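Trainee: Residue numbering for the sequence shown follows our numbering, beginning at 12 and increasing consecutively.
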Amino acid sequence: MPGSIASMEAVEPQSLKKLSLKSLKRSLDFFTPLHSHFPPPDSLSKKIRLSHKMNLEYGGIEPTTLKAQPGKEDHVNPSSAQSNTLALPAPEDAQKKGAHNALVAGPVAQPRLNDFGPTKSSSIISAPGSTDRFSTSAIMERVSSNKRPFGGVKALAFDPSNTWFCSGSADRTIKIWDVANGQLKLTLTGHIEQVRGLAVSQRHTYMFSAGDDKMVKCWDLEQNKVIRSYHEHLIGVYSLALHPTLDIFFTGGRDSVCRAWDIRTKTQIFALSGHENTVCSVFTRPTDPQVVTGSHDSTIKFWDLRHRGKTMTTLTHHKKSVRALALHPKQNMLASASADNIKKVSLPKGEFMHNMLSQQKTIINAMAVNEDGVLATAGDNGSMWFWDWKSGHNFQQAQTIVQPGSLDSEAGIYALSYDVTGTRLVTCEADKTIKMWKEDDTATPETHPLNFKPPKYIRRF
Numbered sequence: 012m013p014g015s016i017a018s019m020e021a022v023e024p025q026s027l028k029k030l031s032l033k034s035l036k037r038s039l040d041f042f043t044p045l046h047s048h049f050p051p052p053d054s055l056s057k058k059i060r061l062s063h064k065m066n067l068e069y070g071g072i073e074p075t076t077l078k079a080q081p082g083k084e085d086h087v088n089p090s091s092a093q094s095n096t097l098a099l100p101a102p103e104d105a106q107k108k109g110a111h112n113a114l115v116a117g118p119v120a121q122p123r124l125n126d127f128g129p130t131k132s133s134s135i136i137s138a139p140g141s142t143d144r145f146s147t148s149a150i151m152e153r154v155s156s157n158k159r160p161f162g163g164v165k166a167l168a169f170d171p172s173n174t175w176f177c178s179g180s181a182d183r184t185i186k187i188w189d190v191a192n193g194q195l196k197l198t199l200t201g202h203i204e205q206v207r208g209l210a211v212s213q214r215h216t217y218m219f220s221a222g223d224d225k226m227v228k229c230w231d232l233e234q235n236k237v238i239r240s241y242h243e244h245l246i247g248v249y250s251l252a253l254h255p256t257l258d259i260f261f262t263g264g265r266d267s268v269c270r271a272w273d274i275r276t277k278t279q280i281f282a283l284s285g286h287e288n289t290v291c292s293v294f295t296r297p298t299d300p301q302v303v304t305g306s307h308d309s310t311i312k313f314w315d316l317r318h319r320g321k322t323m324t325t326l327t328h329h330k331k332s333v334r335a336l337a338l339h340p341k342q343n344m345l346a347s348a349s350a351d352n353i354k355k356v357s358l359p360k361g362e363f364m365h366n367m368l369s370q371q372k373t374i375i376n377a378m379a380v381n382e383d384g385v386l387a388t389a390g391d392n393g394s395m396w397f398w399d400w401k402s403g404h405n406f407q408q409a410q411t412i413v414q415p416g417s418l419d420s421e422a423g424i425y426a427l428s429y430d431v432t433g434t435r436l437v438t439c440e441a442d443k444t445i446k447m448w449k450e451d452d453t454a455t456p457e458t459h460p461l462n463f464k465p466p467k468y469i470r471r472f
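#1: Going by DSSP, which residues form a beta bridge with S56?
#2: Which class does D419 belong to by DSSP, given the choice of helix, strand or coil?
#3: In chain order, what residues of the same chain lie with their CB nearer than 7 Å to the CB of K57, ignoring the 5 residues before and after it?
#4: Since H242 sits in a beta bridge, which residues does DSSP pair it with?
#5: Have a look at G390 and Q414 and give me their C-alpha separation to the nearest angstrom.
#6: Pick from I412, L195, N366: whose alpha carbon is nearest that of G403?
#7: So who's on the other strand from R440, going by DSSP bridges?
#8: Report all residues from its chain with a CB closer than 6 Å to the CB of P460; omit the five preceding and five following residues, and keep chain order.
#9: Among residues of its own chain, excluding the 5 on either side of D308, which ones have a beta-carbon nearer than 6 Å to its beta-carbon?
#10: CB D430 to CB N173, shorter than 8 Å?
#11: Identify which residue in H242, G361, A346 has its Cα closest to the Cα of M323.
#12: Considering Cα atoms alone, identify which of G320, M65, Q342 is closest to K270.
#13: Within a Cβ cutoff of 7 Å, which residues of the same chain sit near V190, ignoring the five residues on either side of it in sequence?
#14: If we ignore side chains and look at the alpha-carbon of each, how far apart do P139 and N405 end up?
#15: Using CA atoms only, rank isn't needed, just tell me which of L427, K401, S428, M395 is closest to I412.
#16: So what's K186 in DSSP terms, helix, strand or just coil?
#17: DSSP three-state label for K29, please.
#18: Rounded C-beta distance between A210 and A252? I'm assuming under 8 Å.
#19: Mind reading off the beta-carbon distance from I185 to V164? Whole number of angstroms is fine, and I expect it under 8 Å.
#20: Under 8 Å, do S300 and D315 count as touching if we go by C-beta distance?
#21: What separation, rounded to the nearest whole angstrom, lies between the Cα atoms of S54 and Q194?
#22: Just tell me which of K312, I59, A387 has its CA closest to the CA of V268.
#23: Excluding five sequence neighbours on each side, which residues of the same chain lie with their C-beta closer than 8 Å to the C-beta of G423?
#24: Whole-angstrom Cβ separation of A337 and L257, contact assumed at under 8 Å?
#25: Under the rule that 16 or more other beta-carbon atoms within 10 Å means buried, what is H329, buried or exposed?
#26: How close, in whole Å, do the beta carbons of V380 and A346 come, if the pair is a contact with beta carbons under 8 Å?
#27: Kindly indicate which three-state DSSP category M226 falls into: helix, strand or coil?
#28: Among the residues of its own chain, which have a CB less than 6 Å from the CB of K354, if the five just before and after it don't count?
#29: From the DSSP output, in three-state form, read off F463 for me.
#30: Suppose you measure from the CA of K401 to the CA of G201; what does that come to, to the nearest Å?
#31: State buried or exposed for R275, treating a residue as buried only when at least 16 other CB atoms are found within 10 Å of its CB.
#32: Run through DSSP, which three-state label would S369 get?
#33: Let me check understanding here. Comparing Cα to Cα, which of T373, T295, F363, P340 lies closest to K331?
#34: Go ahead and label I59 buried or exposed: buried means 16 or more other beta carbons lie within 10 angstroms of its beta carbon, across all protein chains shown.
#35: Please go through the region 373-410 and give each complete beta strand (DSSP E) segment of 3 or more residues, from N-terminal end onward.
#36: Rounded to a whole number of angstroms, what is the C-alpha to C-alpha distance between E23 and S31?
Below, the structure is given as structure tokens:
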């Protein structure tokens with residue numbers, strides 16, 4: 012008879028969780044015995060990674076050096092040359108930490124006084140026989156240094172005291188900048204889509220913003236927070252304007268409606284409907300017509316607020332979408348910009364006066380005019396033209412230059428505005444930069460002659 016079979020040992024049952032943890036521990040012990048400790052940093056890998064990123068960002072950029080012309084070094088006045096440029100120094104904490112999102116001071120060329128004649132910068136293209144009244148005196152602020160999938164700066168508004176201005180961009184933030192030195196003072200967050208409209212109240216300490224998230228917000232600038240929100244738009248809001256004398260404001264969006272809001276009660280007063288496409292430009296004035304809107308349906312409408320927001324006049328002069336409107340600060344005249352032409356009409360009846368004498372031949376996103384009658388228009392291709400308001404003559408053309416690391420296709424300008432004095436012009440661009448343009452005070456009719464003869468029939472062409 013064979014030997015007796017040894018009795019089997021009893022196995023204690025274990026839960027599934029305990030078995031899984033035991034298996035995980037054995038795997039970690041097998042592959043990484045010191046799984047609770049991080050490996051020491053590899054300096055060679057870090058150096059290779061940094062070199063690859065620098066080559067990826069700035070590999071295609073050729074270093075440039077500024078060389079002084081021989082024989083002209085003694086004529087440079089450092090104090091006067093420094094006053095004609097506006098540099099953007101980086102904050103101290105950003106310099107210590109090396110943060111990529113901080114302000115970066117770009118190289119600023121020191122201009123000579125005797126070089127303020129016909130502009131030699133590559134960013135200015137002077138028309139033949141024109142007057143170069145503007146030159147670049149400011150340089151850019153880099154909103155984002157990493158390659159995020161966001162667009163550029165879309166909106167701009169100045170403070171009535173002319174001490175700061177605000178910008179809204181596709182990174183969903185609103186930034187407030189100092190006009191004097193260009194430094195970033197404050198960043199406001201609250202929108203969940205890109206910001207397309209901004210306005211600062213002259214009668215209250217309020218700032219209003221609108222964006223693609225269908226939100227219209229009222230910001231208290233004393234507390235730096237949202238105190239009211241306005242909800243009625245069905246889709247993104249593209250334009251915003253405050254009434255100069257009443258506590259109401261207007262917004263236009265992709266739902267083809269311009270809405271009037273009461274600032275205090277957050278209620279919608281009127282829904283100005285009649286456009287067949289996006290309302291992309293709105294401005295207000297104290298007298299009739301108090302509201303003027305431009306739309307992608309290539310029409311301009313005047314609205315009568317006294318009769319519950321009825322349409323007073325509809326202008327159909329344009330053949331393309333009207334993306335920008337500008338009201339002369341002293342005259343009852345309006346300029347409207349489209350891809351086909353720039354037209355001037357008289358107010359309040361909306362009678363057509365004349366076209367501008369040249370065609371910019373691009374989609375014009377924004378335009379502004381100051382009290383001296385200098386009309387500035389900005390296009391999708393980065394071109395910025397300066398016009399004489401009275402004659403319609405284009406006396407200067409400028410082409411913006413993208414910042415290093417950006418594509419040439421990012422040379423578009425989305426918004427521009429004069430400051431309160433009308434002597435400086437700020438542009439918001441697709442390469443996430445904000446540029447400031449300064450008038451050349453040394454230009455005279457003798458140094459910059461204007462060879463221009465107006466047409467015989469300027470009112471009909």
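Backbone N, C-alpha and C define an ideal beta-carbon position, used for all residues, glycine too. Note that this is a predicted model, so its numbers are computed, not measured.
Mentor: Answer, in terms of the structure:
#1: One-based indexing of the sequence shown puts residue 56 at position 45. According to DSSP, which records beta bridges pairwise, S56 is partnered with nothing at all.
#2: For the purposes of this step, residue 419 is identified with residue 408 of the sequence shown, where counting begins at 1. In this structure, D419 counts as helix in the three-state DSSP scheme.
#3: The count along the sequence shown starts at 1 and reaches residue 57 at position 46. Answer for K57: no residue qualifies.
#4: Taking the first residue of the sequence shown as 1, we reach residue 242 at position 231. Per DSSP, none; premise fails for H242.
#5: Numbered from 1 along the sequence shown, position 379 holds the residue referred to as residue 390. Numbered from 1 along the sequence shown, position 403 holds the residue referred to as residue 414. Going by the C-alpha atoms only, they are around 17 Å apart.
#6: The sequence position of residue 403 within the sequence shown is 392, counting from 1. Answer by Cα proximity: N366.
#7: For the purposes of this step, residue 440 is taken as residue 429 along the sequence shown, with counting starting at 1. Looking at the sequence shown, residue 440 is not Arg but Glu. DSSP lists I424 as partners of E440.
#8: Counting from 1 along the sequence shown, the entry for residue 460 is found at position 449. For P460, where only same-chain residues beyond five positions count, there are no Cβ hits under 6 Å.
#9: Sequence index remark: in the sequence shown, residue 308 carries index 297 (1-based). Within the same chain, D308 has close Cβ partners H286, E287, N288.
#10: Residue mapping note: residue 430 aligns to position 419 of the sequence shown, counting from 1. Residue mapping note: residue 173 aligns to position 162 of the sequence shown, counting from 1. In contact: D430 and N173 (Cβ atoms closer than 8 Å).
#11: Along the sequence shown, read from residue 1 onward, the residue named residue 323 stands at position 312. Of the candidates H242, G361, A346, the one whose C-alpha sits nearest the C-alpha of M323 is G361.
#12: The sequence position of residue 270 within the sequence shown is 259, counting from 1. Note on identity: in this sequence residue 270 is Arg, with Lys being the wrong assignment. The residue with the shortest Cα to Cα distance from R270 is G320.
#13: The sequence position of residue 190 within the sequence shown is 179, counting from 1. Excluding sequence neighbours, V190 sits near N173, T174, W175, F176, D430.
#14: Position 128 of the sequence shown, counted from the first residue, corresponds to residue 139. Position 394 of the sequence shown, counted from the first residue, corresponds to residue 405. Its pLDDT being 38, under 50, P139 is placed unreliably by the model, and nothing is read from it.
#15: The sequence position of residue 412 within the sequence shown is 401, counting from 1. I412 has its Cα closest to that of M395, out of L427, K401, S428, M395.
#16: Within the sequence shown, the letter at position 175 stands for residue 186. Correct three-state label for K186: strand.
#17: Taking the sequence shown and counting its residues from 1, one reaches residue 29 at position 18. If DSSP states are grouped into helix, strand and coil, K29 belongs with the helices.
#18: As a working mapping, residue 210 is identified with position 199 in the sequence shown. As a working mapping, residue 252 is identified with position 241 in the sequence shown. Confirmed, about 6 Å.
#19: Translated into positions along the sequence shown, residue 185 becomes position 174. Translated into positions along the sequence shown, residue 164 becomes position 153. Wrong, their Cβ atoms sit about 11 Å apart, outside the cutoff.
#20: In the sequence shown, counting from the first residue as 1, residue 300 sits at position 289. In the sequence shown, counting from the first residue as 1, residue 315 sits at position 304. Checking the sequence shown, residue 300 turns out to be Pro, not Ser. A contact, by the Cβ cut-off of 8 Å.
#21: As a working note, residue 54 is residue 43 in the sequence shown. As a working note, residue 194 is residue 183 in the sequence shown. Distance between the alpha carbons of S54 and Q194: 36 Å.
#22: Residue 268 sits at position 257 when you count from the first residue of the sequence shown. Nearest option by C-alpha distance: K312.
#23: Counting from 1 along the sequence shown, the entry for residue 423 is found at position 412. These residues qualify, in order along the chain: G163, N376, G390, D391, N392, G393, E440, A441.
#24: In the sequence shown, the residue the question calls residue 337 occupies position 326. In the sequence shown, the residue the question calls residue 257 occupies position 246. That belief does not hold up - the Cβ atoms of A337 and L257 are roughly 22 Å apart, past 8 Å.
#25: As a first step, residue 329 is located in the sequence shown; it is residue number 318 there, counting from the start. H329 is buried by the Cβ-count criterion.
#26: Counting from one through the sequence shown, the residue named residue 380 turns up at place 369. Counting from one through the sequence shown, the residue named residue 346 turns up at place 335. That pair is a contact at about 7 Å.
#27: Start at 1 with the first residue of the sequence shown, and residue 226 comes out as number 215. Three-state result, M226: coil.
#28: Counting from 1 along the sequence shown, the entry for residue 354 is found at position 343. For K354, where only same-chain residues beyond five positions count, the Cβ hits under 6 Å are H328, S347, N366.
#29: Sequence index remark: in the sequence shown, residue 463 carries index 452 (1-based). Coil.
#30: Within the sequence shown, residue 401 is the residue found at index 390, counting from 1. Within the sequence shown, residue 201 is the residue found at index 190, counting from 1. Approximately 43 Å between the Cα atoms of the pair.
#31: As a working note, residue 275 is residue 264 in the sequence shown. The residue in question, R275, is exposed, as its Cβ has fewer than 16 Cβ neighbours within 10 Å.
#32: Position 358 of the sequence shown, counting from 1, holds the residue named residue 369. In this structure, S369 counts as coil in the three-state DSSP scheme.
#33: Numbered from its first residue, the sequence shown carries residue 331 at position 320. The shortest C-alpha separation from K331 is found at T373.
#34: Residue mapping note: residue 59 aligns to position 48 of the sequence shown, counting from 1. Exposed.
#35: 375-380, 385-390, 394-399, 405-410
#36: Translated into the one-based positions of the sequence shown, residue 23 becomes position 12. Translated into the one-based positions of the sequence shown, residue 31 becomes position 20. Their Cα atoms are separated by approximately 16 Å.
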